[in-house]
Amino acid sequence: MFEQLDPELLDKIYSYAIEIGIALIKVILIFIVGRITIGYLMKGIDKAFKKSELDVSLVSFLGSFFRFVFYIALVLVIAQSIDIKIAAILGVLGAAGLAIGLALQGSLSNFAGGILILVTKPFRVDDIIEAQSYFGVVEKIDILHTYVRTFDNQVIVMPNGGLANSNVTNTTLKDTRRAELKVGVAYGSDISKVREIILDVVSRDERILDDPAPVVKFTNFGDSSLDLSVRVWTATDNLWPVYWDNMEAINNEFVKENIEIPFPQRDLHMRTK
1015 MFEQLDPELL DKIYSYAIEI GIALIKVILI FIVGRITIGY LMKGIDKAFK KSELDVSLVS
1075 FLGSFFRFVF YIALVLVIAQ SIDIKIAAIL GVLGAAGLAI GLALQGSLSN FAGGILILVT
1135 KPFRVDDIIE AQSYFGVVEK IDILHTYVRT FDNQVIVMPN GGLANSNVTN TTLKDTRRAE
1195 LKVGVAYGSD ISKVREIILD VVSRDERILD DPAPVVKFTN FGDSSLDLSV RVWTATDNLW
1255 PVYWDNMEAI NNEFVKENIE IPFPQRDLHM RTK
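In our numbering, the protein residues as written are 1015 to 1287.
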């Protein structure tokens, strides 16, 4: 069959076959060497990440990102080795990237916000935050969204773009917090005695810190009460138990000491002709 073909055509076929074979062998060798090199590079990057304090989500993303970049570079090296015009490939990739970027502007904003949150760490998983009118526990932080569980067990999915550019209150960032209790007593009450009673109550609670010391101050003449502010410091985890327990204890002590706790009231003056 091949003997009937033109010898010149056969020479061309053999030449193309040899060129294709050499190019294929070259591609395979470059791919094998490149893959081994990428493996060593990724091991080095993983070790560097383990020594750092980066968030697990960010480490996972950066690992995938570097792997993707390395394989893109390997593809370009292979293309260059077989005389494919890299400028044309880069032009196509650039145009595709621009089109994708325009189509995914919101997602790119969330992506950048996620990187910023994971690097700067204004909050972490299990922190209690208040953001965008929601208050709850951070359950998960990924590249695009942050998941916050409210105290009535709803999960709020917050885009990282808006979250990174808005005010966030982290109520668990510090080890200690100040609890402020509002107490009202009836007009005519002895403020000094009331203060002594309150200080005695809070001094029995071992969760309340001695430094800063508890403070009880008279703050306001209310409509029906003399208002006092009780400020105590405690560990962040104890904030609400300290608040609830001491409000109840103060009430019980007021009952024992006959300190009147007022309720809203009005004086009516009746006039008759």
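By construction, the Cβ of each residue, glycine as well, lies at the ideal position given by its N, Cα and C atoms.
Keep in mind that this is a model prediction, so the values were computed, not measured.
If we call anything under 7 Å between Cβ atoms a contact, is residue i one with residue j?
i	j	result
L1195	V1256	no
I1044	I1092	yes
N1174	T1186	no
F1165	I1205	no
K1040	S1095	yes
E1274	A1200	yes
N1167	F1137	no
G1048	L1088	yes
Which same chain residues end up closer than 6 Å to residue i when comparing Cβ atoms and leaving out the 5 residues on each side of it in sequence?
i	result
I1032	none
K1270	none
R1191	T1250 and L1253
N1272	none
With a CB to CB cut of under 7 Å and the five nearest residues on each side skipped, what residues in its chain are close to residue i?
i	result
L1282	none
S1180	A1145 and Q1146
A1117	Note that A1117 scores 48 on pLDDT, short of 50, meaning its location in the model is unreliable; the coordinates nonetheless yield the value given after this. Cβ within range, chain order: n/a, list empty.
V1230	R1209, I1212, L1213, L1242 and V1244
What residues are listed by DSSP as bridge partners for residue i?
i	result
G1150	I1143 and T1164
V1229	R1245
K1064	BP columns for K1064 are empty, so no partner.
G1058	Answer is none; G1058 lacks a bridge partner.
I1191	The amino acid at residue 1191 is misidentified as Ile; the sequence shows Arg. In the DSSP output, where bridge partners are listed per residue, R1191 has T1248.
G1234	The question names Gly, but residue 1234 is Asn in the sequence shown. N1234 pairs with D1241.
H1159	P1173
K1196	S1243
Beta-carbon within less than 8 Å of residue i's beta-carbon, same chain only, minus the 5 sequence neighbours each way: which residues are those?
i	result
T1286	none
R1221	T1248, A1249, N1252, P1255 and V1256
F1080	L1055, M1056 and I1059
G1127	P1173, N1174, G1175, G1176, L1177, A1178 and N1179
P1278	D1237 and S1238
Using alpha carbons as the reference points, say which of the options lies closest to residue i.
i	options	result
N1260	I1050, I1157 and V1197	V1197
I1142	G1035, I1042, D1156 and V1182	V1182
L1177	V1246, A1193, L1158 and V1169	L1158
S1203	A1062, L1240, V1169 and K1154	L1240
S1066	I1170, N1234, W1258 and L1132	L1132
Decide if the region 1201 to 1215 is in contact with the region 1138 to 1157; the criterion is three or more beta carbon pairs, one per stretch, under 8 Å apart. no
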